[in-house]
Every structure is written in C-alpha cells, then in structure tokens.
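Colleague: Sequence lines, in order, name chains S and W.
Take 91 as the starting number for the first sequence in the working numbering and just add one per residue.
Take 91 as the starting number for the second sequence in the working numbering and just add one per residue.
Structure below; questions to follow.
Protein chains: 2
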Amino acid sequence: MGLSVSGVSRALNNDPRISAATKKRVLEAAAAINYQPNNMATGLRRGKSKLVGVIVPFVDGRFFAVVIKGIERAARAAGFNVIICQSDEDVVHERQNIETLLQSQVEGILVSVSLTTRDAAHFAKVQQRGVPLVFFDRLLRGHEVNAVVIDDYAAGFASTTHLLQQGYRRIAHLAGAQHLNLYQQRLLGYKAALQAYGLPADDCLIAYCEPMTLATGRQAMEMLVQLPNPPDAVFSASDWALAGALQVLEERGVHVPLEVGLAGFSNETFTTLTTPKLTSVEQHGEQLGEQAFQLFLRLRQHKTPAGPQQLVIEPSLQVRDSSQRLGKDTS
Amino acid sequence: MGLSVSGVSRALNNDPRISAATKKRVLEAAAAINYQPNNMATGLRRGKSKLVGVIVPFVDGRFFAVVIKGIERAARAAGFNVIICQSDEDVVHERQNIETLLQSQVEGILVSVSLTTRDAAHFAKVQQRGVPLVFFDRLLRGHEVNAVVIDDYAAGFASTTHLLQQGYRRIAHLAGAQHLNLYQQRLLGYKAALQAYGLPADDCLIAYCEPMTLATGRQAMEMLVQLPNPPDAVFSASDWALAGALQVLEERGVHVPLEVGLAGFSNETFTTLTTPKLTSVEQHGEQLGEQAFQLFLRLRQHKTPAGPQQLVIEPSLQVRDSSQRLGKDTS
DNA sequence: GTGAAAGCGCTAACAT
DNA sequence: ATGTTAGCGCTTTCAC
Numbered sequence: 091m092g093l094s095v096s097g098v099s100r101a102l103n104n105d106p107r108i109s110a111a112t113k114k115r116v117l118e119a120a121a122a123i124n125y126q127p128n129n130m131a132t133g134l135r136r137g138k139s140k141l142v143g144v145i146v147p148f149v150d151g152r153f154f155a156v157v158i159k160g161i162e163r164a165a166r167a168a169g170f171n172v173i174i175c176q177s178d179e180d181v182v183h184e185r186q187n188i189e190t191l192l193q194s195q196v197e198g199i200l201v202s203v204s205l206t207t208r209d210a211a212h213f214a215k216v217q218q219r220g221v222p223l224v225f226f227d228r229l230l231r232g233h234e235v236n237a238v239v240i241d242d243y244a245a246g247f248a249s250t251t252h253l254l255q256q257g258y259r260r261i262a263h264l265a266g267a268q269h270l271n272l273y274q275q276r277l278l279g280y281k282a283a284l285q286a287y288g289l290p291a292d293d294c295l296i297a298y299c300e301p302m303t304l305a306t307g308r309q310a311m312e313m314l315v316q317l318p319n320p321p322d323a324v325f326s327a328s329d330w331a332l333a334g335a336l337q338v339l340e341e342r343g344v345h346v347p348l349e350v351g352l353a354g355f356s357n358e359t360f361t362t363l364t365t366p367k368l369t370s371v372e373q374h375g376e377q378l379g380e381q382a383f384q385l386f387l388r389l390r391q392h393k394t395p396a397g398p399q400q401l402v403i404e405p406s407l408q409v410r411d412s413s414q415r416l417g418k419d420t421s
Numbered sequence: 091m092g093l094s095v096s097g098v099s100r101a102l103n104n105d106p107r108i109s110a111a112t113k114k115r116v117l118e119a120a121a122a123i124n125y126q127p128n129n130m131a132t133g134l135r136r137g138k139s140k141l142v143g144v145i146v147p148f149v150d151g152r153f154f155a156v157v158i159k160g161i162e163r164a165a166r167a168a169g170f171n172v173i174i175c176q177s178d179e180d181v182v183h184e185r186q187n188i189e190t191l192l193q194s195q196v197e198g199i200l201v202s203v204s205l206t207t208r209d210a211a212h213f214a215k216v217q218q219r220g221v222p223l224v225f226f227d228r229l230l231r232g233h234e235v236n237a238v239v240i241d242d243y244a245a246g247f248a249s250t251t252h253l254l255q256q257g258y259r260r261i262a263h264l265a266g267a268q269h270l271n272l273y274q275q276r277l278l279g280y281k282a283a284l285q286a287y288g289l290p291a292d293d294c295l296i297a298y299c300e301p302m303t304l305a306t307g308r309q310a311m312e313m314l315v316q317l318p319n320p321p322d323a324v325f326s327a328s329d330w331a332l333a334g335a336l337q338v339l340e341e342r343g344v345h346v347p348l349e350v351g352l353a354g355f356s357n358e359t360f361t362t363l364t365t366p367k368l369t370s371v372e373q374h375g376e377q378l379g380e381q382a383f384q385l386f387l388r389l390r391q392h393k394t395p396a397g398p399q400q401l402v403i404e405p406s407l408q409v410r411d412s413s414q415r416l417g418k419d420t421s
C-alpha cells in the first residue's frame, strides 16, 4: 500500500529496479491526483536544468522566427525547454539576457549578436562558467567561436552574378554594419562577382545602412539615384532596405525591373506581396536552428572540444520579378 | 573574516538586518568570484519561481511579436522572467505547452488560444492548480475568463463605416473562425455598420477563411468576383487574407481603390509595402501585453478574485490608400 | 525490489 | 548584527 518516496521516484523515471506492478500502481495514483513533477527540484538535485537559452535581436521578421522554430523542434526532441530572449539590437539588453539565462541555470546559450555588440566580454563570462555557447547567423568578426552560419559570401556572389546575367552592369550594394561577419561576407561576395565579370568596383555604389531598415534603405537609394552615373541594379543585404529602395524608385517613376533590377536578402514574407515581387535569398532558418541546437548538444557531451566548431549552411536564391529583365533565368 | 551562509544571503538580498560594511564586503567578494545566484534553488525554497508562461499561436507576424514585447517589458519591471511557447495553431501543442509551463513552476500563464482549440479542459487544469490564467486577444466563446481583448466589434464597425463613407456600398467581409471571440465580433461590427447605413446584409458577401492566410484570401476573392453582383469593397478580418484578395484583383485588372476598396486587420508591416498601401486596424499590441501582465499580477495578489476580469483596449483605424476613393477622409 | 537518508543551493525562522 | 538549522521536492547512493 504505502510506498517510499524513492519508490515513487523510480516508478516515475522508468527505473529498471522496480516491479511492473508497483510502477503501474504509482502511475495510476499520480494520474489520479494530477501530479506534476517540479522541474526546479529535479534540476536542483540533478545539477542540470534541461533548459537552453536563446538570444535573438528581435523576433518579428521571418528569419529569426523560423530559426527559433527549428531550435524548439530539436530541443523538444532532446527533452529540453527553451527560453527565448530578445536583445532588441541593444548590447545592454544582451548582457542582461545573459545574466538572466545564467541565473536560470541554462545548460547552454544560443545567440545571434545584436547590432550594437562590439566586444565579447559578456560571452567570455559564459564560456568561463563552462556553459556551452553557440553563435548562429550573426557573430563578431575576429572571434573564434562555435557557430552555425550561412554562406553569406556565396549568397552575395550568387545574387550579384544573377543580376549580371540579367544584363545589369552598374550594380549598387546596400551594405550592413561591417563588424558583423554576415554583412561583410555579403559585401565581399558582391565584389568578387563584379570582379569575376571583369567589372570595376565603384565605391560610390556601396551604401552603408545602419541599421538596415526601410528608412535607411530609402535614404541610400535617394543618394544613389542622384549620382551622376546612377546604378541600374541594387543588391541589398536586407529585404527591408530593399523595400525602401523600391519605394523611392516607384515614387520617381523608375521601372523595376526594366530600368533597375533589385535583389534582397532573407526572403521576408513581404517579398511576394510587393509589386514587383522581390528576388531574395532564402537562408533555410529552420535547418540553421536545428543545427545550432545539435552543435550545443555535441559540445555538452565532450567537455573538452577540439577547438571551435563552424557549420555552414548553403542558402538559395529565390528569383522573382524584381530582377528579371530577360524572359527567364536559368541560374 | 568568515561569514555564515545566511549572512551572505542577507547581503545579497538587501536585508536591513545587516551592517553596511559587511554587505559591501560580501558584494565585493561575490563580484570577485563571479557569483551567480541559482534561481532554481531560490525558487524551490521560496515556493515561487518568478516565472510566467506565455502561449501564442505563432511568433512571426507583427501583432504577437509586439504583444510579447509588452509582456516582457512589464514582466522585467516586476522581476519576472518570461517563457514563450508557440502552439503553432495546434491544440495538441497547446496542451503540451501548458504541461511544460506547469512543470516549470510558472506563477501564471498568459495565453492566446490556437485556432484548433475548441474545448477548455487543459485550461481548467491550470485554474485548478491555482495558477492564475489570463487570456489575451483570442479566447473561446462562451467561457467566462480573465482576459484582455481589443474592441473588435468597434473596429469592425469603424472599418466598415469608413468604407461606406468613401462611397462603397456592396461591402464583402472576409471572416475568420467563428468560435473565436474576435472574428465573431469583427463580423458583428461589420453587420451593424451596414445596418446603421440602412443596407441589407447579403450573406453571399461573407466569405469564411479558415485559417486566414494569403491562400484562403485568394480563394475567397476568386469566389467573390465571380458573383453576379460582385462587391465594390472588402473588409477583411486579417491583413493576410486581404493581401490575397489584392493579388486576385490586381491579376484581373481591377483597380484598387477606384473600383474596389480594401480594409484589413492587424496593421502588419507589409501593409505599407504593397501597392496600394493597405488600410488596417492597429491593435496596440504592446499596451495589450502590458495590461495582460498587470492583470496577472493583480490576480496573484488577491487569491480569491471577484469573478472574471475583462479589460478592453480600443483599436484605431489606419487609413491608407487602399480604401480612399475620395480625396480625403476625416473619420 | 524496496526503504532510509543525504543533499542539491538557497531562505527564513529562531537563536544568540 | 550575525550564526544555526530546517527544509523546499526531488534523485541517488547505500543498505537490506
């Protein structure tokens, strides 16, 4: 009849050292009283919380939402719960988030750094505590870290090459903050594609948008159209900035894609809702999220990893109306 | 020199019963060894986790992202951490989310129900455990619950009235699942506005989209344009469905807003990126999120509340190009 | 196969 | 103003 606490614990945890009969008895009783295990107590005793923390700059916008979905799926499968924090592109919040997550005893942290993050002191602290740290998508240049990124260079190269194939020759680039790997790589890919076509790189055609929003995209485009020799195409490192550029062109009666071709980045949902629909780069965020979590799991297993791990995911170009001057495109 | 654990605890918690000198000493030592309090231990001992759970159908899309921002702001101010769960519009996930949150010992749950939620058994379980439960935006019809909602009826009335003022007379409605309060209220507001103008309600003009997406909006519009007497305006309970409608009209060469006027709901970011820009309802999600958290706090204080509390937030109509047939609008 | 008991890190009586 | 100690709910040795 009566059973000791340890017996109950064993039954609930499928411990082999218990008879099927008593296990059944316990399970029924538990269901009857609507028993809920207390994760805090379990975590405290076991010394592991089964929690991972995720820090993203923001959660609206398709990319990070999708990444989170991927992380959650993988985490659920491994019996982990996920705590999501938004840094709001503010390094101060990011530091607070780290603090919060460490206090919550997360077993690992997955982070995509904010735009305003320039030093990595708060991340060092995480490592120092022995909490596995995985960066995804955005990371600080010049830091050797565990990371899952997409091949931004290849994406920049492919987008620019696509525009060149469509016959555009004076291609501008809306660039992001260069201390972030991904904006730098997109710019480098763009430059490399021009060079591969034997075209000179004209610095006038590179406009830095920080942050990359509709507003900064508008400003950049206003500037570009007033150039003595304005561009006939734009490759933007962000769909948002590209949307701003499109607005400016529309207002000035410039036809897209006949007069100016456009290609963006992130495959935001609105890219299929504008006129014309915007060509963009799909980053396969869900896959990226899953990989990031898997990497965390691996780091957790091997206490002493063999140096920083880097995983690269191949993006794919979604060609839509905004960049198709010719009938079709077979790239 | 040496100090007891309780002394340290007191210093860290700003207990008055400790000298300023020792407090300082402890704080310095804590900083030196990079001390992090263990929330699980504190929570276990105190019997409170300082955690709230939030369940939303999804996190992409502007509305819920903004609501979450509001909740987080209010929670942070009250010293709470937030666990965000996505139900993915699936009641099965929703039940799992509830389970997860209860195990995590959250002190309250804020939820916006999924589309597939029809019964409230899993929510009853939450109440039964004495965990305060607050619904926001979406709730099940016919359940008396604590909730913060927007005045969907007023919004439906205002949107439809605005279209009428612009001279549209055959106004269709893209409606959502009627077991959810908000879609029902939007429909009722629409009907009431027609009636107030002395116009008959034509059931042919009401198209149910479930779920309300670009695809279902397209289908609905295809059907509407083929009516013997097609509509000259559309009020949609979702911007997504409206975007689908706009695409269909565009493809058929129907001019918006001259031939057909459009008004949507939720003020999604893409409403300013389409051509024409879409009129929509701003729901003030951040405010809604803050109110929802405040309501939770109040429920937590008074163990026995005086019946279900309901808070209503007034939305506001954002008039843009898609609904302006006349020169201007002063509603 | 089952029970007794220690202890995870912390707080809050209750001493002193 | 500081120290001592019990115990939050659970798991896990260790003993039987």
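Here a beta-carbon is modelled for each residue, glycine too, at the ideal position from N, C-alpha and C.
(1) Could you list the residues in the region 119-136 of chain W with a C-beta less than 8 Å from some C-beta on chain S, going in chain order?
(2) Between H374 (chain W) and the rest of its own chain, which residues show a CB-CB distance below 6 Å, the 5 nearest in sequence each way excluded?
(3) Hey, is N103 (chain W)'s beta-carbon within less than 8 Å of any beta-carbon in chain S?
(4) Since P190 (chain W) meets chain S, which of its residues come closer than 8 Å, beta carbon to beta carbon?
(5) Just to confirm the assignment, what range does the alpha helix (DSSP H) spanning E372 (chain S) have?
(6) If you count every other CB in all the chains shown that lies within 10 Å of the CB of N271 (chain S), and 16 or more means buried, which is it?
(7) Which residues mark the beginning and the end of the alpha helix (DSSP H) in which L278 (chain W) is found?
(8) When you compare only the Cα positions, how much space is there between S421 (chain W) and H252 (chain W)?
(9) Within 8 Å, do at least three Cβ pairs link the region 364-373 of chain S to the region 403-412 of chain S?
(10) Is it right to say D242 (chain W) is buried, meaning 16 or more other beta carbons lie within 10 angstroms of its own, or is it exposed?
(11) In the structure shown, what three-state DSSP assignment does L314 (chain W) receive?
(12) Give me whichever residues DSSP pairs with F325 (chain W) in a beta bridge.
(13) Kindly identify the DSSP beta-bridge partner or partners of Q400 (chain S).
(14) Out of S:A283, S:V338, S:L230 and S:R115, state which residue places its alpha-carbon closest to the alpha-carbon of A310 (chain S).
(15) Give the secondary structure of S412 (chain W) by DSSP, where H, G and I count as helix, E and B as strand, and everything else as coil.
(16) Answer with yes or no whether the minimum CB distance from F386 (chain W) to chain S is below 8 Å.
(17) Ends of the alpha helix (DSSP H) at A168 (chain W)?
(18) Using only alpha-carbon positions, find the residue among W:L407, W:E197 and W:A165 that is nearest to E358 (chain W).
(19) Ignore the nearest five residues each way along the sequence and tell me which others in A267 (chain S)'s own chain have a CB closer than 7 Å to its CB.
(20) Can you name, in chain order, every residue of its own chain whose Cβ lies under 6 Å from the Cβ of A262 (chain S), other than the five neighbours on each side?
(21) CA-CA distance, S96 (chain W) and N104 (chain W)?
(22) Report the residues of the region 198-226 of chain S with a CB closer than 9 Å to any CB of chain W, ordered along the chain.
(23) So who's on the other strand from C175 (chain S), going by DSSP bridges?
(24) Count the other CB atoms within 10 Å of the CB of D329 (chain W); is the residue buried (16 or more) or exposed (fewer)?
(25) Rounded to whole angstroms, what is the Cα-Cα separation between R390 (chain S) and P127 (chain S)?
(26) I174 (chain S) touches chain W at which residues, Cβ-Cβ below 7 Å?
(27) How about F383 (chain S): is its C-beta nearer than 8 Å to some C-beta of chain W?
(28) Would you grab the beta carbon distance between F226 (chain W) and V157 (chain W) for me? Rounded to a whole angstrom, and I think it's under 8 Å.
(29) Between the region 138-153 of chain W and the region 114-127 of chain W, are three or more C-beta pairs nearer than 8 Å?
(30) Is the CB-CB distance between E197 (chain S) and V142 (chain S) below 8 Å?
(31) Since L200 (chain W) sits in a beta bridge, which residues does DSSP pair it with?
Modeller: A quick look at the data gives this:
(1) Residues N124, Q126, P127, N128, N129, M130, A131, G133 and L134.
(2) Cβ within range, chain order: I403.
(3) It does not: the Cβ of N103 (chain W) has no partner Cβ on chain S nearer than 8 Å.
(4) Here the sequence assigns Thr to residue 190 (chain W), which means Pro is not the residue at that position. Within 8 Å Cβ-Cβ: N171.
(5) Note, E372 (chain S): premise wrong, no alpha helix (DSSP H); beta strand (DSSP E) at S370 to E372.
(6) Buried is the call here.
(7) From DSSP, the alpha helix (DSSP H) with L278 (chain W) extends over N271 to A286.
(8) Because S421 (chain W) sits at a pLDDT of 49, beneath the cut-off of 50, its placement in the model cannot be relied upon, and the following sentence gives the value as read from the coordinates. If you take the alpha carbons of S421 (chain W) and H252 (chain W), they lie about 7 Å apart.
(9) Because the criterion of three Cβ pairs below 8 Å is met, the region 403-412 of chain S and the region 364-373 of chain S touch.
(10) By the C-beta density criterion, D242 (chain W) is buried, having at least 16 other C-beta atoms within 10 angstroms.
(11) Note: L314 (chain W) maps to helix in three-state DSSP.
(12) Per DSSP, the beta-bridge partners of F325 (chain W) are W:H263 and W:A353.
(13) Beta bridge pairing from DSSP links Q400 (chain S) with S:A237.
(14) Put simply, of S:A283, S:V338, S:L230 and S:R115 the residue whose alpha carbon is nearest the alpha carbon of A310 (chain S) is S:V338.
(15) S412 (chain W): helix per DSSP, three-state reduction.
(16) Taking Cβ atoms only, chain S never reaches closer than 8 Å to F386 (chain W), which makes this a no.
(17) Taken as a continuous stretch (DSSP letters only), A168 (chain W) belongs to no alpha helix (DSSP H), as it is neither H nor E.
(18) Ranking the options by Cα distance to E358 (chain W), first place goes to W:L407.
(19) When the five nearest sequence neighbours on each side are left out, the beta carbons in the same chain lying within less than 7 Å of the beta carbon of A267 (chain S) are those of L205, Y273 and E300, in order along the chain.
(20) The answer, listed in chain order, is L295, L314, P321 and V324.
(21) Spanning the two alpha carbons is a distance of roughly 12 Å.
(22) Listed in sequence order: K215, Q218 and R219.
(23) Paired residue(s): S:I145.
(24) Classification of D329 (chain W): buried, given that the 10 Å Cβ count is 16 or more.
(25) R390 (chain S) and P127 (chain S) have their C-alpha atoms roughly 25 Å apart.
(26) When 7 Å is used as the limit between beta carbons, I174 (chain S) is near these residues of chain W: I174, in chain order.
(27) No, no contact with chain W.
(28) Sure, about 7 Å apart at Cβ, within 8 Å.
(29) No, because fewer than three Cβ pairs between the region 138-153 of chain W and the region 114-127 of chain W fall closer than 8 Å, the two stretches do not touch.
(30) Yes; because the gap between Cβ atoms is below 8 Å, this pair is in contact.
(31) W:V144 and W:V224, per the DSSP bridge assignment.
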